[in-house]
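Here's the structure, in structure tokens; my notes come after.
Residue numbers (this note's numbering), protein chains in the order written: chain E, 1 to 344; chain S, 1001 to 1253.
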């Protein structure tokens, strides 16, 4: 490896499912030891597939995937010892008590019964579940389930922690609790690789992110850098129109009009609105409105925002990221993942 | 060997899942009811002659164990798919263990389950006054038969589970094995059967297993019958185990 601090290395990674779906298409990135790395994208972008390949749960079609210096296909056992993995569909043993569940995890990672019990006590303390240790996991709340899953991923003191959408579906309070745990773990030196479709989560937690869309990485860097690339300020102008077609047309006209302006760094149109990136939004707004007014393009709404990662995503994909429900037959989806059947 | 250790832990965990009263009591109850009802219905049938014993309660023991083992075989595939659905199966695959310990851990539970069902039915038989010709050793042999035979049906249900990938289908598909259970010398010895039924009974491997187990209960160490049943059982387990292992290897990375 070129850089000895690199702990996750992915080169030209490709995953084609048996049905022909190209879920991951020549993806390249690397993560350094101790980094908090975020993998961002909408549902079906290829996040989970990439993560499952790194977690040895899924075979790759071609390319390189290394974790902790081990090839995920050639040395799966070494990789499994290096990583902790908390999944989006939390894989818990509902019939076991929290205590039994964690002890079992310890045993599976080669600990003696005594070690496993001592570690379980520590972890229950860490995720604040000591009080409910003797209760069945099936009776835990959503936030408690995520926390015990996190504890299970930490049983063997992994160097790298993989988290697949760790806070999706949680209430804000539980989400914050998980965030605090993760920040604490990262401070203690654990490398964290996290996937999320919440831009806010990535912005809050991650030192560096990669945005993946339709199986390809479209942007990579520090959140602050990526945001400054979009433009210092973003003015979003929503155009008036009778119907969608007219609004679309007006937005396109506005885009043509505003793009050549000297102080406009970049502009793009989407869903009946035009987003204009300018150095100083406050100063630009009057002249933007004048320019549109001269051409009789009416504006029904105007907003000025500092860029967020949502805008970064929009810039690179031309779409907004939407939190869609994982539709379809849940069972087939779960089975599909396991059986390697076509799924994105 | 780490694989034994891992298999043992997974076995203990699956045993705990099975030992939920709602899971393990109903099949036992049904077997007990079947036994008592059939015994009461046919109690005088031995007077027809051709039975190896005059005690119909003793004649039934072997088949009651066989049906219990066959019909609960579906539980193994169902349990596996339940773990797949909950994501726990994936969690096990993520641990640095031999993936076959997951399979063997669940198969061992089905062997244990079959043996346990055997014990309960033997206890009921003793309560009904049945004497076992071969004594304690015979009862142990009977339980051994039940365990290995149970393994074969557990393999079959795991094959169905891996093929259908549907928990409900896996459990209900065991209705398809009704003929295997009833096209045997379940209620009458072979000499009293005739026509197509007799041919079907002779072609059904389950008949030979039932006959061997019955011989142990009512006749004694009739090695000809017992060994035939043993070979049939071993052959079934071997073939089904190979197919199960091969399929399992294919679906796990």
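Glycine included, C-beta positions come from ideal geometry on N, C-alpha and C.
message: Please classify residue 1197/S as buried or exposed, where buried requires at least 16 other C-beta atoms within 10 Å of its C-beta.
response: Indexing the second chain from 1 puts residue 1197/S at position 197. Its Cβ having fewer than 16 others within 10 Å, residue 1197/S is exposed.
message: Taking the straight line between their C-alpha atoms, what separation do you get for residue 180/E and residue 1100/S?
response: Counting from 1 along the first chain, the entry for residue 180/E is found at position 180. Counting from 1 along the second chain, the entry for residue 1100/S is found at position 100. One C-alpha to the other measures close to 38 Å.
Which of helix, strand or coil DSSP assigns to residue 1247/S: As a position in the second chain, residue 1247/S is number 247, starting the count at 1. Note: residue 1247/S maps to helix in three-state DSSP.
query: Going by beta carbon distance, what residues of the same chain come within less than 7 Å of residue 1118/S, once the five residues before and after it are set aside?
result: Taking the first residue of the second chain as position 1, residue 1118/S is located at position 118. If we look at residue 1118/S and ignore the five residues flanking it on each side, its Cβ neighbours are 1065, 1142, 1143, 1146.
- request: Output yes or no for whether 9 Å exceeds the beta carbon distance between residue 92/E and residue 1088/S.
  value: Along the first chain, read from residue 1 onward, the residue named residue 92/E stands at position 92. Along the second chain, read from residue 1 onward, the residue named residue 1088/S stands at position 88. By the CB criterion at 9 Å, residue 92/E and residue 1088/S fall inside the cutoff.
field: Min CB distance residue 68/E to chain S below 9 Å
entry: Translated into the one-based positions of the first chain, residue 68/E becomes position 68. By this cut-off, residue 68/E is not an interface position.
message: Run through the DSSP bridge pairs and tell me what residue 14/E is partnered with.
response: Within the first chain, residue 14/E is the residue found at index 14, counting from 1. For residue 14/E, which the question treats as bridged, DSSP gives the partners 62/E.
query: residue 81/E: which of 1199/S, 1094/S, 1082/S sits nearest, CA to CA?
result: One-based indexing of the first chain puts residue 81/E at position 81. For residue 81/E, the nearest C-alpha among the options comes from 1094/S.
query: Does the beta carbon of residue 1097/S sit closer than 9 Å to a beta carbon anywhere in chain E?
result: Position 97 of the second chain, counting from 1, holds the residue named residue 1097/S. Yes - at least one Cβ of chain E is within 9 Å of the one on residue 1097/S.
query: Of all Cβ atoms in chain E, is any one closer than 9 Å to the Cβ of residue 979/S?
result: Nothing about residue 979/S can be reported from this structure: the residues present for chain S run from 1001 to 1253 only.
- request: Could you check which residue in 99/E, 122/E, 157/E, 288/E has the C-alpha nearest to that of residue 109/E?
  value: As a position in the first chain, residue 109/E is number 109, starting the count at 1. The shortest Cα separation from residue 109/E among 99/E, 122/E, 157/E, 288/E belongs to 157/E.
- prompt: Mind checking whether residue 195/E and residue 164/E have CB atoms under 9 Å apart?
  reply: The sequence position of residue 195/E within the first chain is 195, counting from 1. The sequence position of residue 164/E within the first chain is 164, counting from 1. Yes, Cβ-Cβ distance for residue 195/E and residue 164/E is below 9 Å.
field: Nonlocal neighbours in the same chain, by C-beta distance under 7 Å from residue 11/E, ignoring five residues either side
entry: Your numbering for residue 11/E matches position 11 in the first chain. Hits under 7 Å: 28, 63, 64.
Inter-residue spacing [alpha-carbon to alpha-carbon] between residue 1072/S and residue 1170/S: Reading the second chain from its first residue, position 72 is the one you call residue 1072/S. Reading the second chain from its first residue, position 170 is the one you call residue 1170/S. As the crow flies, the alpha-carbon of residue 1072/S is around 12 Å from that of residue 1170/S.
- prompt: Is there a Cβ from chain E that is less than 9 Å from the Cβ of residue 949/S?
  reply: Any property of residue 949/S remains undetermined from this structure, which presents chain S solely from 1001 to 1253.
query: If you draw a straight line from the alpha carbon of residue 271/E to that of residue 291/E, how long is it in whole angstroms?
result: In the first chain, residue 271/E corresponds to position 271, counting from 1. In the first chain, residue 291/E corresponds to position 291, counting from 1. Whole-angstrom Cα-Cα distance: 21 Å.
query: Is the shortest distance between the beta-carbon of residue 1002/S and the beta-carbons of chain E less than 9 Å?
result: By one-based count along the second chain, residue 1002/S stands at place 2. For residue 1002/S, the answer is yes, since a Cβ of chain E falls inside 9 Å of its Cβ.
- prompt: Three or more C-beta pairs closer than 8 Å, one from the segment 274–287 of chain E and one from the segment 218–237 of chain E: is that the case here?
  reply: yes
- prompt: What residue range is occupied by the uninterrupted alpha helix (DSSP H) comprising residue 1042/S?
  reply: Reading the second chain from its first residue, position 42 is the one you call residue 1042/S. Its alpha helix (DSSP H) spans residues 1021–1042.
message: Helix, strand or coil for residue 210/E? Go by DSSP, reduced to three states.
response: On the first chain, position 210 is the one that residue 210/E refers to. In this structure, residue 210/E counts as strand in the three-state DSSP scheme.
message: Measuring only the C-alpha atoms, how far is residue 1036/S from residue 1122/S?
response: Position 36 of the second chain, counting from 1, holds the residue named residue 1036/S. Position 122 of the second chain, counting from 1, holds the residue named residue 1122/S. Roughly 13 Å between the two C-alpha positions.
message: Within the continuous beta strand (DSSP E) that includes residue 160/E, where are the two ends?
response: Along the first chain, read from residue 1 onward, the residue named residue 160/E stands at position 160. If you look at residue 160/E, you'll find it in the beta strand (DSSP E) that goes 160–164.
Residue 1252/S versus 1080/S, 1014/S, 1224/S, 1209/S, residue with shortest Cα-Cα distance: In the second chain, the residue the question calls residue 1252/S occupies position 252. When only C-alpha atoms are compared, the closest one is 1080/S.
- request: Please determine, among 1069/S, 1026/S, 1001/S, the residue with the shortest C-alpha to C-alpha distance to residue 1177/S.
  value: Looking up residue 1177/S in the second chain gives position 177. Answer by Cα proximity: 1069/S.
query: Roughly how many angstroms separate the alpha carbons of residue 205/E and residue 72/E, rounded to a whole number?
result: Within the first chain, numbered from 1, the residue matching residue 205/E stands at position 205. Within the first chain, numbered from 1, the residue matching residue 72/E stands at position 72. Approximately 26 Å, taken between the alpha carbons.
task: In angstroms with no decimal places, state the Cα-to-Cα distance between residue 1039/S and residue 1031/S.
output: For this step, residue 1039/S is matched to residue 39 along the second chain. For this step, residue 1031/S is matched to residue 31 along the second chain. Roughly 12 Å between the two C-alpha positions.
- prompt: In chain order, which continuous runs of the alpha helix (DSSP H) of length 4 or greater are located wholly inside the segment 1107–1153 of chain S?
  reply: none
message: Can you tell me which residues form a DSSP beta bridge with residue 219/E?
response: Looking up residue 219/E in the first chain gives position 219. Bridge partners of residue 219/E: 211/E.
task: Could you tell me whether the segment 1096–1114 of chain S touches the segment 1183–1190 of chain S, using the rule of 3 or more Cβ pairs below 8 Å?
output: Three or more beta-carbon pairs separated by less than 8 Å are not found between the segment 1096–1114 of chain S and the segment 1183–1190 of chain S, which leaves the two stretches without contact.
task: Give a yes or no on whether 9 Å exceeds the smallest Cβ distance from residue 107/E to chain S.
output: Residue mapping note: residue 107/E aligns to position 107 of the first chain, counting from 1. True, the Cβ-Cβ gap to chain S drops below 9 Å.
field: residue 1093/S: contacting residues in chain E (beta-carbon distance under 7 Å)
entry: By 1-based counting over the second chain, the position of residue 1093/S is 93. Under the 7 Å cutoff, chain E gives 57.
- prompt: Going by DSSP, what residues sit across from residue 39/E in a beta bridge?
  reply: In the first chain, counting from the first residue as 1, residue 39/E sits at position 39. Answer by DSSP bridge pairing, in chain order: 195/E, 210/E.
query: So which residues on chain S does residue 104/E lean against when the C-beta distance must stay under 7 Å?
result: In the first chain, the residue the question calls residue 104/E occupies position 104. The answer, in chain order, is 1009, 1013.
- request: For residue 1200/S, collect the residues of the same chain with a Cβ closer than 6 Å to its Cβ; drop the 5 residues on either side in sequence, then sort them by chain order.
  value: Taking the first residue of the second chain as position 1, residue 1200/S is located at position 200. The residues are 1183.
- prompt: Enumerated in chain order, which unbroken segments of the beta strand (DSSP E) with a length of 3 residues or greater are wholly contained in the segment 228–301 of chain E?
  reply: 233–239, 264–270, 273–278
field: Supposed close pair residue 26/E, residue 208/E - CB separation, criterion 8 Å
entry: As a position in the first chain, residue 26/E is number 26, starting the count at 1. As a position in the first chain, residue 208/E is number 208, starting the count at 1. Distance from residue 26/E to residue 208/E at the Cβ level is roughly 20 Å; contact not present, criterion being Cβ atoms closer than 8 Å.
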